[in-house]
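Okay, structure first, notes after.
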Amino acid sequence: MTNHGIWARANYGERHHHGDDLMSEHSVDVGGRRLHVVSHGQGAPTVLFEAGLGCSAKDWALIQARVGQVTASYSYDRAGEGASDESGPWSVQGWLSDLESWLDALSAPGPYVLVGHSIGGHVVRTFAARHPEEVAGLVLVDAQPERLYDDWTPDRLRHVRELNPPGIFDRILEACEFVKAATRPMSCPLTVITHGVIDLIQEEPGVTAADVDRFEQSWQTFQMDLAKQSALGRLVVAEASGHMVPTQAPDLIADEILAMVAQIHE
């Protein structure tokens with residue numbers, strides 16, 4: 615794994631200093647596979663970072679470095695990403711099981727503030743639905759809306775399916791259906807951060823400017839709907855960031871997480 619200045623590769627439980635930071639890396643067994651987990655800081659609530667599709671713990675590095683100065687935090691590489699072992703075709707159910715397994719293996723204490731980017735929002739929302747008593751708050755970062763594709767025509771679905779590696783888009787659709795059935799309104803604090811720069815979809819052959827505008831309007835409408843899932847929900851726009859908010863606007867995310875932690879402490 616590349617050293618991004620926040621941590622270096624280590625054996626289970628080994629600790630590393632980076633300035634005033636103290637990071638720990640763990641190789642955790644989950645049913646015969648190993649997941650790479652990074653912990654930083656002490657205190658409550660515990661902040662859990664869940665990355666987007668194709669992303670890993672390193673995308674949270676700058677944010678976790680700040681959050682870990684205030685409270686306990688954990689990020690990790692999902693199966694097949696970063697330094698974690700493969701597990702075969704992914705599903706939100708499988709990811710959720712892995713998350714529960716490594717939290718148990720490390721005795722990572724709740725309550726949790728769950729931070730999910732993109733499709734990682736599916737994972738933290740289903741975890742919150744399954745363990746509501748353990749969740750102190752959620753921060754959804756340009757999270758995948760589960761109803762985004764509901765009104766798409768077969769032609770549009772086929773076009774997007776062809777743009778992705780085989781099977782990926784179908785698994786995304788399956789994940790959306792799982793989240794629809796599993797999630798429910800929340801009573802905990804909720805912050806929804808959405809992108810301000812349009813880069814999720816671009817004009818190209820078969821995709822018109824009207825298509826881009828329609829997709830963006832739907833995405834932003836669903837982000838507002840997500841914020842309404844809690845009476846304590848709020849919407850924040852990362853004005854200068856595209857979809858990769860964790861790496862393009864890390865300070866904004868860290869500020870929102872730390873504000874929520876402070877609110878929980880009140």
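Numbering (my numbering), first residue to last: 615 to 880.
The C-beta atom is built at its ideal place from N, Cα and C for all residues, glycine as well.
All values derive from a computational prediction rather than experimental measurement.
Inter-residue Cα distance where the pair is residue i and residue j
i, j, result
"residue 777", "residue 757", "21 Å"
"residue 805", "residue 707", "24 Å"
"residue 632", "residue 679", "Only weak support exists for where residue 632 lies, its pLDDT of 40 falling under 50; the coordinates are left without a value."
"residue 838", "residue 761", "13 Å"
"residue 788", "residue 850", "28 Å"
"residue 874", "residue 820", "42 Å"
"residue 770", "residue 822", "12 Å"
"residue 718", "residue 767", "42 Å"
"residue 763", "residue 828", "12 Å"
"residue 650", "residue 721", "15 Å"
"residue 882", "residue 667", "This structure does not reach residue 882, given that the chain is present from 615 up to 880, and the question cannot be answered."
"residue 724", "residue 785", "30 Å"
"residue 652", "residue 824", "42 Å"
"residue 871", "residue 846", "14 Å"
"residue 689", "residue 753", "14 Å"
"residue 739", "residue 750", "12 Å"
"residue 735", "residue 814", "16 Å"
"residue 834", "residue 816", "16 Å"
"residue 862", "residue 662", "19 Å"
Where residue i falls: helix, strand or coil (DSSP)
i, result
"residue 818", "strand"
"residue 685", "coil"
"residue 880", "coil"
"residue 741", "helix"
"residue 800", "strand"
"residue 848", "strand"
"residue 807", "strand"
Cβ-based burial, residue i [other Cβ within 10 Å; buried from 16]
i, result
"residue 645", "exposed"
"residue 841", "buried"
"residue 864", "buried"
"residue 626", "Because the pLDDT at residue 626 is just 29, under 50, the model does not fix this residue reliably, and the value given afterwards should be weighed accordingly. Exposed is the call here."
"residue 621", "For residue 621, the predicted model reports a pLDDT of 25, less than 50, meaning its position is unreliable; a value from the coordinates is still stated below. Burial call: buried."
"residue 628", "Its pLDDT being 39, under 50, residue 628 is placed unreliably in this model, and the value from its coordinates should be taken loosely. Classification of residue 628: exposed, given that the 10 Å Cβ count is below 16."
"residue 711", "exposed"
"residue 701", "buried"
"residue 747", "exposed"
"residue 879", "exposed"
"residue 876", "exposed"
"residue 772", "exposed"
"residue 573", "In the structure as shown, the chain starts at 615 and stops at 880, and residue 573 therefore has no counterpart that could be examined."
"residue 781", "exposed"
"residue 791", "exposed"
"residue 818", "exposed"
"residue 634", "Reliability fails at residue 634, whose pLDDT of 43 lies under 50, so the model's placement of it is uncertain and the value that follows must be treated cautiously. Label assigned to residue 634: exposed."
Same chain, Cβ closer than 6 Å to residue i, neighbours up to 5 away in sequence not counted
i, result
"residue 783", "774, 775"
"residue 759", "836"
"residue 808", "756, 837, 851"
"residue 844", "800, 804"
"residue 686", "655, 656, 657, 660"
"residue 715", "644"
Residue i CB to nearest heavy atom of the ligand SAM below 7 Å
i, result
"residue 688", "Inclusion of the ligand SAM in the displayed structure is not the case, the ligand content being empty and no account of it being possible."
Beta-carbon contacts of residue i that lie in its chain and below 7 Å, excluding the five residues immediately before and after
i, result
"residue 743", "796, 797, 798"
"residue 860", "673, 674, 677, 731, 755, 867"
"residue 853", "810"
"residue 832", "762"
"residue 741", "710, 713, 728"
Other residues of its chain near residue i: CB distance less than 8 Å, five sequence neighbours each side excluded
i, result
"residue 812", "826, 830, 856"
"residue 737", "664, 706, 709, 710, 713, 730"
"residue 696", "615, 650, 670, 671, 672"
"residue 684", "655, 657, 872, 875"
For this session: Go through the region 635–688 residue by residue and report every complete run of the alpha helix (DSSP H) that reaches 4 residues or more, in order.
Result: 675–681
For this session: Run through the region 720–777 for me and flag every whole alpha helix (DSSP H) of 4 or more residues, listed as ranges in chain order.
Result: 734–744, 768–777
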